[in-house]
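S.K.:
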Amino acid sequence: MEHLSPEEAMKGQFEPVEPGFTWGKTWEYCWFRGKVVLPAEAEGKRIVMDLRPDGESTLFVNGQEFGTYRASWVTQKHHFIEDNVLSTAAAAGTEYEILMETYAGHYYPESPNGGCATGPVLPGAYQDPLEEGKRRTLGVCTFGIWNEDAYQLWMDADTLKQVLDKLDPNSLRAAKIAEALETFTLAVDFEQDEAGRIASYRAGREALKPALEAKNGSTTPVFYAVGNAHIDLAWLWPMAETHRKTERTFAAQLRLLEEYPEYKYIQSQPAAYEMCRKYYPELFQRIKEAVKDGKWIAEGAMWVEPDTNMASGEALIRQLLYGKKYYKEEFGVDSQMLWLPDTFGYTAALPQILKSCGVKYLVTQKIFWSYNEGEQFPYHYFYWEGMDGSKITSFLPTSYTYRTDPSELIGVWENRSQKRDLDAFLLPFGYGDGGGGPARDYLEYAKREKDLEGCPKVKQENPITFFKDMEAEGGPKHTYTGELYFSAHRGTYTSQAMVKQNNRRCELSMRELELWSTLAALKGKAYPAEAVERLWKEVLLHQFHDILPGSSIARVYQEAEKAFHAILDESHELTEEALQSLTEGENGITVGNSLGFAYETVLELPESFAAGAKTKEGKEIPTEKIGDKVYGLAELPAYGMVSLVPAEEQTKAEDEVVLTQVGETYVLENRQVKAVVDGKGEVISFVLKTSGREFAAEPLNRFHLYKDVPRLFDAWDIDSNYKEQEITAAEDVKVSVLQAGSLRSVLKVTGRISNSSFVQYIRLDAESTRLEFETVIDWKELHRLLKVAFPVRVFAENGINEMQFGYVERPTRRSRTYDKDRFEVCNHRYSALCDGAHGAAVLNDCKYGISMNENALELTLLRAAAAPEMHADNREHHFTYAFNAWEGSFADSDVVRQGYELNVKPVVTNGTADAFSLFDVEKNNVILESVKLAEDGSGDLILRLYESRKAAVQTALSTSLPVAKAWSCTMLEEKEEELMVENHSISLDFRAFEIKTLRLKLA
Ligand SMILES: [Zn+2]
């Protein structure tokens, strides 16, 4: 899809066409041009265009971005602007050169009730009704003189009529409005010549005036209204369409801002502004001017409006870091409000992150959606308290596409869920999803509702002013603690597994890139700051709330997959360059550990280590050759490196894995655990040898397949009744020994699940308590949900799900509505069940959905939705999950570290270096998550640490680096407090789940 600028397009060959001209293949654009010369009778009048291009169009008038005409098809509900005012006071003889880029569109099934079908669409149920090459038919494009008197009269009459409809019919106000409306109908006379007609319209308006001027009493709610256009950066359209949507929306809104001085428009998402800047630079300059004038509100804090269930904690911080930086640099705005109306749930880590990033307010609305009998959210205006106790002032309207007419406002007020302690309401109005924003009518209604008896008062304001006014009135009186769980769209933790896996890989790859580049920079190599920022922004873009959740059309994922590969390729290459600058010579290899703790792990080594291996410092390490593979068991230093060189002699490990076959079963054991796998590939026993305790209540690692046809929103939802629709899962299962080594033993399981074949490698390493299940499945299903269950001998009413910088607890029983809502939840690297004495966890390397049913952890592996992408997820998938158990409380467990170990693999490069450990954290519940160079180019190091187990602790961070000064700082890296550095160590006091950002200046 070529993207031409209007200048380039004008250079093309244009041919005359008539109405009825047909054109267009899927994804194509066609440029039309035309000319308007205003006739004498246009003088002084308002001139409007009536263009019928038959597709969403990007309009340019006299070379300038102008906005759009109309949208149809998938964007019907999302983008419809009726009037295109060419001039409000025309001069006869003026010429307008009109250029229009029209989109031919792509097929997307419409629901039988109109609008886009988000429910199940079976093959053949709907067919593309349009013929390729002839998708669009040009209609008559013309212009005309607008009858402003008639329009104003209509707006007056309709406003009053709508108020009347909502009033108590016995009230005096109702009688007065009825009287005024009657007088107006008597005054208006259509059967006259134009002048007479207009005079009668004016008389009609006079008749309505007293009713429009009647004021409210002293207890009328105030609606702070702000125009907005929700722009899904990709959804039912590809991102290339979104580039154009920015023009269509932004240019049209600028024209409205010009005409209505009291109008205020808010636009979020720097990523959308960037599209506009890149493709429509002149328009972007005009937006900057409007921001300066205070009309256009550039706010929203984050780079995009992301999913906040699955994005990592560090990614959420970067959304704010790069988002806020953009608002500051481009618009001079210190963004203070997270504008996140449409995201499918809000992590309890957000309040702390927002606070530390200087964001004071949150606006969202989505969690009022509870169409599947979910519990209604109780507040609009409240403090939202996160997992660490941080609080953020929040306002939740119930929509981001409100209209402004009286029936809408009165309805919003009547249906509010918080009846008390709420005198005002924030009203984001305007068409949205595919952009659009308010049409002119919205502003005409608002003008009449400043103080109109019987209707809430409308004040067009910046939402920041709303929050400040509310604070002046005393602030929120209610607090809601914990995540803002979304009682819908639970399938989005699983749909489009490719995007979930790549998102996690990219987040981790950026982590490696930053750490090793920081180290290389300390040795004098240039830090790739430009690439880091550019790559991060690509990662952040793909965390958009319809991309990462898996709710977009197929093309979005084809393009996303390419983008992910490009991010991974470049970040790996840059990481390798950094690693190379840290090692020398050809003899041996160097293993880097980016985790903030030391641990022992089995590594695959090159063939040159077949005889044996030792560290560069001479310590022998156990190795073993199994088949054509050489394994070594190495101890990796925390945040450091160790080099291995070949040795002459093989050393034995202290701990050895033993794999034995006993009849139909296989026993995998090392000195810590003993697991028994049966002929079906299920783990019928898992014992911790230290205590002798059995953890399997029933076979672990059992696949469950369900019919999965949600009532609505195919890719989005899992309905709770999936449980009642189980289908036979694994069949034709065969188990064999793939490898029986003393460092690593592996069983190979093959089989079939419905139409899909799978291979699983069940693996146990020396010195590990983790039983890993590496799984390859060729998924060929429709409307199926695959889970793997681990029923354990643990009683826990609440399970633990890792999320950003900590965990949340959610119910395993279904007593209350609250519990029933949480039948499927989001987790990051682990979920656990535990009592005070022992526990078990299921870990994963890319799966975000899980259910916790009584004593079972049931990881959701795959779905197969039929909309918006038919045959979503039908491809080969390759992922790993693991099982782990421990004695003691959760706070005593090492699950958090196990989760890291499963996900973060050591980096290996050629050449050697002296072993070192950069950092060490004394208490192991504090995790050093990220190390990077400061954004300000000072060369300072930025470290991010967090308390991971809800256990406040005093600890020390020690480092081998020559630290001259240290500060605690905000997540935006601004210094807060200087910290004492003694003997290379900094003492730190953590609250439960506290995140700390440190800045280190090296000597
Ligand atoms: Zn959206």
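In this text, residue positions in the sequence shown follow the working numbering: the first is 99, and each later residue adds one.
Even glycine gets a Cβ: it sits at the ideal position worked out from N, Cα and C.
(1) Please report the straight-line C-alpha distance between S929 and R868, rounded to a whole angstrom.
(2) I'd like to check one pair, F1088 with E447: are the Cβ atoms closer than 9 Å?
(3) Ordered along the chain, which non-local residues of its own chain (more than five positions away) have a Cβ less than 7 Å from that of I275?
(4) With distances taken from CA atoms, which of S155, Q111 and V892 is nearest C239?
(5) Would you grab the beta carbon distance between G153 and R234 for me? Rounded to a whole angstrom, and I think it's under 8 Å.
(6) What does the Cβ neighbour count give for R911, buried or exposed, with the cut at 16 atoms within 10 Å?
(7) Ligand 1 and W244: does the residue's C-beta get closer than 8 Å to at least one heavy atom of that ligand?
(8) Could you compute how far the alpha carbon of L1031 sits from the alpha carbon of K109?
(9) Rounded to the nearest angstrom, what separates L1000 and P476 at their Cα positions?
(10) Residues near ligand 1, CB to any non-hydrogen atom under 7 Å, in chain order?
(11) Excluding the five sequence neighbours on either side, which residues of its own chain have a C-beta within less than 7 Å of the C-beta of S497, listed in chain order?
(12) How would you write the range of the alpha helix (DSSP H) that R514 sits in, first residue to last?
(13) Hey, M901 and T340: beta-carbon distance below 9 Å or not?
(14) What's the call for M1078, buried or exposed, on a 16-neighbour Cβ count within 10 Å?
(15) Taking all protein chains shown into account, do 16 or more other C-beta atoms lie within 10 angstroms of the C-beta of I1084, making it buried, or fewer, making it exposed?
(16) Pick out whichever of N951, D992 and G904 has its Cα sitting closest to the Cα of G937.
(17) Do the segment 755-765 and the segment 702-717 make contact, defined as three or more Cβ pairs closer than 8 Å?
(18) For V461 and F642, which I take to be in contact (beta-carbon distance under 8 Å), what is that distance rounded to the nearest angstrom?
(19) How far does the alpha helix (DSSP H) with S454 in it reach, from first residue to last?
(20) If you check the beta carbons only, do V389 and G430 fall under 9 Å apart?
(21) Starting from I1142, trace the beta strand (DSSP E) both ways and give me its first and last residue.
(22) Can you check DSSP and say which residues form a bridge with A954?
(23) Go to S855, then tell me how far its beta strand (DSSP E) extends in each direction, as first and last residue.
(24) Do Q594 and E974 come within 9 Å of each other at the CB atom, strictly closer than that value?
(25) If you draw a straight line from the C-alpha of Y459 to the C-alpha of I364, how long is it?
(26) Determine the DSSP secondary structure at K52, reduced to helix, strand or coil.
(27) So what's L564 in DSSP terms, helix, strand or just coil?
(28) Which same chain residues end up closer than 6 Å to L525 when comparing Cβ atoms and leaving out the 5 residues on each side of it in sequence?
(29) Measuring straight from C-alpha to C-alpha, what distance separates E657 and W125?
(30) Report buried or exposed for R602, applying the criterion of at least 16 other Cβ atoms within 10 angstroms of its Cβ.
(31) Taking V135 as the reference, which of K393, E100 and A188 has the closest Cα?
(32) In the DSSP output, which residue or residues are listed as bridge partners for M198?
(33) Could you please give the first and the last residue of the uninterrupted beta strand (DSSP E) stretch that includes C932?
(34) Is DSSP giving C553 helix, strand or coil here?
(35) Look up E747 in the DSSP assignment and say whether it is helix, strand or coil.
(36) Figure out for me which residue from H881, S854 and V765 has the closest Cα to the Cα of A838.
M.R.: According to the data block:
(1) In the sequence shown, the residue the question calls residue 929 occupies position 831. In the sequence shown, the residue the question calls residue 868 occupies position 770. Roughly 14 Å separates the two Cα atoms.
(2) Against the sequence shown, residue 447 aligns to sequence position 349. Against the sequence shown, residue 1088 aligns to sequence position 990. Looking at the sequence shown, residue 447 is not Glu but Ala. The answer is no: Cβ separation not under 9 Å.
(3) Your numbering for residue 275 matches position 177 in the sequence shown. Hits under 7 Å: L258, V261, L262 and A309.
(4) Translated into the one-based positions of the sequence shown, residue 239 becomes position 141. Comparing Cα positions, the closest option is S155.
(5) Along the sequence shown, one-based indexing puts residue 153 at 55. Along the sequence shown, one-based indexing puts residue 234 at 136. The pair is a contact, with the Cβ atoms about 5 Å apart (cut-off 8 Å).
(6) The residue labelled residue 911 in the question sits at position 813 within the sequence shown. Its Cβ having fewer than 16 others within 10 Å, R911 is exposed.
(7) Counting from one through the sequence shown, the residue named residue 244 turns up at place 146. Exclusion of W244 from the 8 Å shell around ligand 1 follows from its C-beta lying no nearer than that to any non-hydrogen atom of the ligand.
(8) Here the question's residue 1031 lines up with position 933 in the sequence shown. Here the question's residue 109 lines up with position 11 in the sequence shown. Each residue's Cα considered, the two are about 47 Å apart.
(9) Here residue 1000 refers to the residue found at position 902 when the sequence shown is read from its first residue. Here residue 476 refers to the residue found at position 378 when the sequence shown is read from its first residue. Using only the alpha carbons, I get a separation of about 39 Å.
(10) The filter returns H328, D330, W333, E403, D440, D531, H643 and D644, in chain order.
(11) Sequence index remark: in the sequence shown, residue 497 carries index 399 (1-based). Once the five neighbours on either side are set aside, the close Cβ partners of S497 are Q463.
(12) Your numbering for residue 514 matches position 416 in the sequence shown. Note, R514: premise wrong, no alpha helix (DSSP H); not H, not E.
(13) If you number the sequence shown from 1, residue 901 lands on position 803. If you number the sequence shown from 1, residue 340 lands on position 242. Going by C-beta atoms, M901 is not nearer than 9 Å to T340.
(14) Within the sequence shown, residue 1078 is the residue found at index 980, counting from 1. Result: exposed.
(15) Working through the sequence shown from its first residue, we reach residue 1084 at position 986. Buried, because 16 or more other Cβ atoms sit within 10 Å of the Cβ of I1084.
(16) Here residue 937 corresponds to residue number 839 of the sequence shown, with the count starting at 1. Residue D992 is the option with its Cα nearest to G937.
(17) no
(18) Here residue 461 refers to the residue found at position 363 of the sequence shown. Here residue 642 refers to the residue found at position 544 of the sequence shown. That belief does not hold up - the Cβ atoms of V461 and F642 are roughly 18 Å apart, past 8 Å.
(19) Within the sequence shown, the letter at position 356 stands for residue 454. S454 -> alpha helix (DSSP H) spans L448 to S454.
(20) In the sequence shown, the residue the question calls residue 389 occupies position 291. In the sequence shown, the residue the question calls residue 430 occupies position 332. In this structure, G430 lies closer than 9 Å to V389 by Cβ.
(21) A question about residue 1142 goes unanswered here, because the residues of the chain that appear run from 99 up to 1101.
(22) By one-based count along the sequence shown, residue 954 stands at place 856. Answer is P889 and N951, bridged to A954.
(23) The sequence position of residue 855 within the sequence shown is 757, counting from 1. Per DSSP, S855 belongs to the beta strand (DSSP E) from S854 to D863.
(24) Residue mapping note: residue 974 aligns to position 876 of the sequence shown, counting from 1. Residue mapping note: residue 594 aligns to position 496 of the sequence shown, counting from 1. With respect to the 9 Å criterion, E974 and Q594 are not classified as neighbours on the basis of their beta carbons.
(25) For this step, residue 459 is matched to residue 361 along the sequence shown. For this step, residue 364 is matched to residue 266 along the sequence shown. Whole-angstrom Cα-Cα distance: 15 Å.
(26) Lying outside 99 to 1101, the shown extent of the chain, residue 52 is not represented and no answer is given.
(27) The sequence position of residue 564 within the sequence shown is 466, counting from 1. According to the sequence shown, residue 564 is Phe rather than Leu. Collapsing the DSSP output to three states places F564 in a helix.
(28) The sequence position of residue 525 within the sequence shown is 427, counting from 1. Excluding positions up to five away in sequence, the list reads F321, A323 and Y500.
(29) By one-based count along the sequence shown, residue 657 stands at place 559. By one-based count along the sequence shown, residue 125 stands at place 27. Rounded to whole angstroms, E657 to W125 spans 14 Å at the Cα level.
(30) Numbered from its first residue, the sequence shown carries residue 602 at position 504. A residue is called buried once 16 or more other Cβ atoms fall within 10 Å of its Cβ, and R602 is buried on that count.
(31) If you number the sequence shown from 1, residue 135 lands on position 37. Taking the Cα of V135 as reference, the smallest distance to any Cα among K393, E100 and A188 is reached at A188.
(32) Numbered from its first residue, the sequence shown carries residue 198 at position 100. Bridge partners of M198: F130 and L157.
(33) Translated into positions along the sequence shown, residue 932 becomes position 834. Counting along the chain, the beta strand (DSSP E) containing C932 begins and ends at Y928 to C932.
(34) Numbered from 1 along the sequence shown, position 455 holds the residue referred to as residue 553. Residue state, collapsed to three classes: coil.
(35) Position 649 of the sequence shown, counted from the start, is the residue given in the question as residue 747. Correct three-state label for E747: coil.
(36) Taking the sequence shown and counting its residues from 1, the one referred to as residue 838 is at position 740. Minimum Cα distance to A838 is reached at V765.
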